[in-house]
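Notes to accompany the following structure.
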Amino acid sequence: MGAPVPFAFQDNAEIALRFPDLHPAFDRQEALTEANRCLNCFNAPCAAACPTHIDVPRFIKKIGTENLMGSALTILDANVLGASCSRVCPVEVLCEGACVMLGYNKQPIAIGRLQRYAMDYFLERGGRLPQKTDQQRSQKIVCIGAGPASLACSAELAQRGFSVTVIEQRPLPGGLNTYGVAEYKLRAPDSLREVAMIADLGVEFRFGVSIENENDLAALEKEYDAIFVGIGLGAMNELRIPGADHPDVVDALEFIAKYKTAGGLRVGNRVIVVGAGNTAIDAANAARRLGAQHVTIVYRRTERDLPAFGFEYEHAKLEGVNFEWLAQPVAIHTYPAGPIATLECVRMDDERGPVPTPVPGSNFHLLCDMVIPAIGQAPHGWLFARTHGPKYYSGGDCVNGGREVVDAVADGKRAALAIVKSFEGVHA
Amino acid sequence: MPDLSTTFAGGIQSPNPFWLASAPPTNCGEQVMRAFDAGWGGAVWKTIGEPIMNVSSRYSSVDWNGQRMMGLNNIELISDRPIETNLREIAEVKKRYPKHAVIASLMVESTREAWHDIVGRSEDAGADGLELNFGCPHGMSERGMGSAVGQVPEYTEMITGWVKEKARTPVLVKLTPNITDIRQIARAAKRAGADGLSAINTINSITGIDLDTFEPRPNVDGLSSHGGYCGPAVKPIALNMVHQLQNDDASRLPISGIGGIGTWRDAAEFILLGCGTVQVCTAAMHYGYRIVEDMIDGLENWMREKGFDRIEDFRGFSAPKVTDWNHLNLNFKIVARIHAEKCIGCELCYIACWDGAHQCIHLDGAHTKPSEVEAASRARIAMTPIPKLDRGVASNGASTRVPRVDEEECVGCNLCALVCPVENCITMERVENHLPRKTWEDLVNGNSH
Chain A
7 MGAPVPFAFQ
17 DNAEIALRFP
27 DLHPAFDRQE
37 ALTEANRCLN
47 CFNAPCAAAC
57 PTHIDVPRFI
67 KKIGTENLMG
77 SALTILDANV
87 LGASCSRVCP
97 VEVLCEGACV
107 MLGYNKQPIA
117 IGRLQRYAMD
127 YFLERGGRLP
137 QKTDQQRSQK
147 IVCIGAGPAS
157 LACSAELAQR
167 GFSVTVIEQR
177 PLPGGLNTYG
187 VAEYKLRAPD
197 SLREVAMIAD
207 LGVEFRFGVS
217 IENENDLAAL
227 EKEYDAIFVG
237 IGLGAMNELR
247 IPGADHPDVV
257 DALEFIAKYK
267 TAGGLRVGNR
277 VIVVGAGNTA
287 IDAANAARRL
297 GAQHVTIVYR
307 RTERDLPAFG
317 FEYEHAKLEG
327 VNFEWLAQPV
337 AIHTYPAGPI
347 ATLECVRMDD
357 ERGPVPTPVP
367 GSNFHLLCDM
377 VIPAIGQAPH
387 GWLFARTHGP
397 KYYSGGDCVN
407 GGREVVDAVA
417 DGKRAALAIV
427 KSFEGVHA
Chain B
711 MPDLSTTFAG
721 GIQSPNPFWL
731 ASAPPTNCGE
741 QVMRAFDAGW
751 GGAVWKTIGE
761 PIMNVSSRYS
771 SVDWNGQRMM
781 GLNNIELISD
791 RPIETNLREI
801 AEVKKRYPKH
811 AVIASLMVES
821 TREAWHDIVG
831 RSEDAGADGL
841 ELNFGCPHGM
851 SERGMGSAVG
861 QVPEYTEMIT
871 GWVKEKARTP
881 VLVKLTPNIT
891 DIRQIARAAK
901 RAGADGLSAI
911 NTINSITGID
921 LDTFEPRPNV
931 DGLSSHGGYC
941 GPAVKPIALN
951 MVHQLQNDDA
961 SRLPISGIGG
971 IGTWRDAAEF
981 ILLGCGTVQV
991 CTAAMHYGYR
1001 IVEDMIDGLE
1011 NWMREKGFDR
1021 IEDFRGFSAP
1031 KVTDWNHLNL
1041 NFKIVARIHA
1051 EKCIGCELCY
1061 IACWDGAHQC
1071 IHLDGAHTKP
1081 SEVEAASRAR
1091 IAMTPIPKLD
1101 RGVASNGAST
1111 RVPRVDEEEC
1121 VGCNLCALVC
1131 PVENCITMER
1141 VENHLPRKTW
1151 EDLVNGNSH
C-alpha cells in the first residue's frame, strides 16, 4: 500500500476487524457510473460549498475519462488533505448537500467517495505532491501542532520553496485525523500515509516538543520568520459531579485516541456517554463496536436540539445507541468494591424557558459501568491568547471554535498564502 | 386488440413485424425455435454459403456513460456450418412453426450456377423468402462477396437478376451503408426485380484501441480488422437511409428496417418512415430473445392509444414530414423559456449558450462572462455549517441560480433545452411574428406570399 509510513505505528488487526469502512471504496465500474451521473454543473454549487473550493466537476469528469492522476492532482491542488477529507468530511452539509440533484429528487453525486477513489489511486501508486516553484526560498517557517491546519499550511509553503518545520507534542502527526476521527471513517494508518506525502516535500517534523512558556516562544521567534499556530482546542471539559474522578470515567477524545493508536480495546458493558455532539456519537459508536452491550447517550435537551449532524444521529441509532433526552447527570455512584454502579441524573424541563431547568425531586439512576463525558473542549489558554504580532498566523479549530478538517485545511492554506505575501518585497 | 400481423414484400407472412436479423441469434434451428417461442414473428437465418472459418475474438463494443454496448462491432463471418445442415434445420423449423417467417440469407460465389443452386435448395427447404447478403462489410468482401457486390450497382443488378430467374419466393436485397449514396444500389436491385430491401447492414468501424497494449479491438492475436458497427449508436444513420430509400421513386420497395432497433419505440419510428417489418440483432444479443415481449406489448399499447388497428394504419405516416432544408419555413420563430420552478441551478444552459451557441442566456442583469462568474465563486470564503456555531444558516441557494434568457437575442437553436437535465424545464416556445411562411426556395425563386 504505497509509500511506507515513516512514523512508528503498530496497526491493530482487531481494530481493523471491528471498524470496517463505513463507506467502502468504490470499484472501477461503480466509480465510472457515478462519475458519469455528475451533470458537470457550471460554477458548481458543490465547489462553492467546499471550504477549500475543490473543483468538484473537474475532478469527477477526470474520473469519468480514467485520468485518475489528473483527478487526484486537481483535488490536491485545492486541498492537500484531499484523502482524509474524502473520508471525514460531513459531505451531507457540504458538497453533496449543495448538489443540484437534490433539487431534482435524486440522490446527490457521491462526491466524497469519488474523491476517495481518486486519492486512493494516487497514494497507492506513491504519488508525490508537485512543487509550485523551482526557487528555493530563504525564509523559515514553523508550524505549532501537526494537525490538519498546520499540515495544509506547511505543505503549501514547502511547495512554494520555503523550509518548514512542524512541531508536535504528541508522538504522531495528523492531529485529530490520527487521534480523533472515528476509525470506520479514517484509519490512523491512512492519516499517517497522507502526512508522509507532505513530509516527502521536505517538511521537517519534530515530535514530543511542546511550547510551555515565553522562553520557548522567544526561541521560535528568533529562529523563524513566521510562526503558524495550529494547536486546535484544549482538553475536554470535565464532568463536574461527585464521583467523576473514577478511573472508569474517560473523556471521549481520550477513549477514541486509545483505541485508535494505543491498542486500547477495553470498554464497559453498560456505557453512558454524556453529551450529544459529533464527538459523543463517535465515542458511543466506538463503545458499541468495541463490545459494549448497552450504550446510552445522555443529553440535557431534546432530540430537536441535538448538536450532532443529523446523519450522525441516524448512524448512531443504526449502531444500536440509545438516547436519554432531558437528563442531566448529578452524581456517579460506585459499588463498595470499586466499579461504577449508576449515573444519577435529574430530569430536565425545557418548556419553561430557553434553557432547560431541573425538575425538583425527579432524580433517577441509570445502570452503568463506564461513563464517557463528551461535553466540549475548552479553548487553549495562554498560548493562543499570546500569539499575536506580525510573525504570527493561526487557523483551524483554535480559531474557528471547532469545525471540520476541511475548514482547518482552508485556514492553513489561506495562512500560508498570507505568509508568502508578507515576504513579498523582503530580500533575504 | 391491434393486429400486428404483416404481409411483407408481396407474400411473406408473419404474426408480427419483429424479425431477428441474420446474425448469431439465428445461427441454428434450435435458436430460431426458441426465438419463435419467445414471440418473434420471423427470423432471417444466419447467412448460408460455403462454410467459413472464424477467428476469436469477434466482437468489441463502445460503452457510453457507464452503459454497456451503445455500439457493437463484429468481425464474424457467415455461417460456419455446412449448407445441408442449415437447410435441414430450416425445413424442421418451418414444419413446426408454419405461421412464422423464415427467410434464408444467402451468400455464394458470384456465378449464376452457384446462385441458382442455393436459391432452389433454400426454397425446397421451405424458406418463405430470400435475403441476398450484399452487405457484409468484413472478411467476405475481401473474397468478392458481401459488400463487394453491394457497393457496385452493376454486380448487384446482375446477381439479383440471376436470383430472380430462379426464385419463386420474395427476394430481399440487404443493403450496405458503406457507400456514398445507398440509393444507387437500391435502384439496381429494383431494376433487377427485387421484391424488397433490408436496410441497413452494419457500418465499417474500428471501435477503439487499447491504450495500454496499443492494440485495436477486437483483438485477434495482437491484430484487428475493421468490423461492422451496429446497436443503438447507428439508429439515426439507419433512419436517414431508410428515408432516402422511401423518398426516391427509383428505389422505393418494401423495406425491412434494420439498425439499432431494440425497443418498440425504435420499431415504431422505422415503421413511421415506411418500413413494413423490422429486424433486430444487437439488443437480442445483449439481453436475449425475451426483449420481444415488450416490443409487442409496447407497440400494441401505443397503437391502441393512438387508435391504430393495423401496422398499415401508420406505416409511412411520418415520411412526408422529412423534407429538404429548402422547404423549411424561415419565418418560424421559437425562443427558449426557462421554467424557474423546475430549474435545479446546474447552469449547463448558461455555459452551453455562451460557449456553444449565441451568448443569450445570462445569470444576472449583466452579461457576465463565464470566467468572471467562476472567479467570484472561488474568492468566496465558505465554512462547514456547524449547528452549534451557526444556528439558522441558509441553504445553498440553488434557487438563486436560475438563468435568464434574452429572448430578443435567442435564435431558437434548442441547445439549452437539449443540455438541460430536467424534463420540461426549458421549453421552446413559439413566438408569433405574424410573418407568412417563407422558404429558401421561395427566396431564390422570388416567390412572395
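Note that the protein sequences, when read in sequence, are chains A and B.
Residue 7 is where the first sequence starts when you use this note's numbering, and the numbers rise one by one after that.
Residue 711 is where the second sequence starts when you use this note's numbering, and the numbers rise one by one after that.
All C-beta atoms, glycine included, are put in the ideal place defined by N, C-alpha and C.
These figures come from a predicted structure and were not determined experimentally.
Within chain B, partners of residue i - CB distance below 8 Å
i, result
"V412 of chain A", "T1094"
"R409 of chain A", "M1093, T1094, I1096 and L1099"
Closer than 8 Å at the beta carbon, the chain A residues around residue i
i, result
"E1114 of chain B", "The residue you asked about is not Glu; residue 1114 of chain B is Arg in the sequence shown. None at all; the shortest Cβ gap to chain A is about 15 Å."
Minimum Cβ-Cβ distance from residue i to chain B less than 8 Å
i, result
"F48 of chain A", "yes"
"T39 of chain A", "yes"
"A55 of chain A", "yes"
"N328 of chain A", "no"
"G181 of chain A", "no"
"N18 of chain A", "no"
"H371 of chain A", "no"
"L223 of chain A", "no"
"V279 of chain A", "no"
"L100 of chain A", "yes"
"V304 of chain A", "no"
"V106 of chain A", "yes"
"P313 of chain A", "yes"
Residue range of the unbroken beta strand (DSSP E) whose run includes residue i
i, result
"W729 of chain B", "F728 to L730"
"C95 of chain A", "It is not in any beta strand (DSSP E) - C95 of chain A carries neither H nor E in the DSSP assignment."
"D773 of chain B", "Y769 to W774"
"R276 of chain A", "R276 to V280"
Beta-carbon gap between residue i and residue j smaller than 8 Å
i, j, result
"A258 of chain A", "T302 of chain A", "no"
"D976 of chain B", "G970 of chain B", "yes"
"V415 of chain A", "V86 of chain A", "yes"
"V365 of chain A", "D356 of chain A", "no"
"H936 of chain B", "S966 of chain B", "no"
"V235 of chain A", "I147 of chain A", "no"
"V1115 of chain B", "I1054 of chain B", "no"
"A837 of chain B", "T879 of chain B", "yes"
"L239 of chain A", "D403 of chain A", "yes"
"P942 of chain B", "G781 of chain B", "yes"
"C56 of chain A", "L120 of chain A", "no"
"A104 of chain A", "P51 of chain A", "yes"
"C1056 of chain B", "L192 of chain A", "no"
"A993 of chain B", "G972 of chain B", "yes"
"R822 of chain B", "W872 of chain B", "yes"
Proximity test, Cβ basis, 8 Å: residue i and chain A
i, result
"P942 of chain B", "no"
"N775 of chain B", "yes"
"A1108 of chain B", "A caution first: A1108 of chain B carries a pLDDT of 46, below 50, which makes its placement in the model unreliable, though a value can still be read off. Yes, A1108 of chain B lies at the interface with chain A (some Cβ there is under 8 Å from its Cβ)."
"P847 of chain B", "no"
"P1080 of chain B", "yes"
"A1104 of chain B", "With a pLDDT of only 47 at A1104 of chain B, under the threshold of 50, the placement of this residue in the model should not be trusted; the figure read from the coordinates follows. Not closer than 8 Å to any Cβ of chain A, the Cβ of A1104 of chain B fails to qualify, so no."
Chain B residues whose Cβ lies nearer than 7 Å to that of residue i
i, result
"L45 of chain A", "C1056, L1058 and P1131"
"H321 of chain A", "Result: empty, since nearest Cβ-Cβ is about 16 Å, beyond 7 Å."
"P96 of chain A", "T1094"
Beta-carbon neighbours of residue i, restricted to chain A and to distances below 9 Å
i, result
"V772 of chain B", "Correct list: empty, because the minimum Cβ distance to chain A is about 14 Å."
Under 7 Å by beta carbon: chain A residues contacting residue i
i, result
"E1084 of chain B", "N49"
"R1088 of chain B", "H59"
"I1061 of chain B", "F48"
Chain-ordered neighbours of residue i on chain B, where CB pairs are closer than 9 Å
i, result
"N42 of chain A", "W774, N775, G776 and Q777"
Bounding residues of the alpha helix (DSSP H) (the contiguous stretch that carries residue i)
i, result
"C1126 of chain B", "L1125 to V1129"
Restricting to runs no shorter than 4 residues, where is the alpha helix (DSSP H) found entirely within the stretch 100-158 of chain A?
If we require 4 residues or more, the alpha helix (DSSP H) runs fully inside the stretch 100-158 of chain A come out as 101-104 and 117-130.
Which ranges does the alpha helix (DSSP H) cover as unbroken runs of at least 4 residues, wholly within the stretch 299-362 of chain A, from first to last along the chain?
316-324
Please specify which runs of the alpha helix (DSSP H), each continuous and at least 4 residues long, are wholly inside the stretch 47-88 of chain A, giving them in chain order.
With a minimum length of 4 residues, the continuous alpha helix (DSSP H) runs that stay inside the stretch 47-88 of chain A are 51-55, 62-70 and 74-84.
Ordered list of beta strand (DSSP E) runs contained in the stretch 916-983 of chain B, each at least 3 residues
937-940 and 965-968
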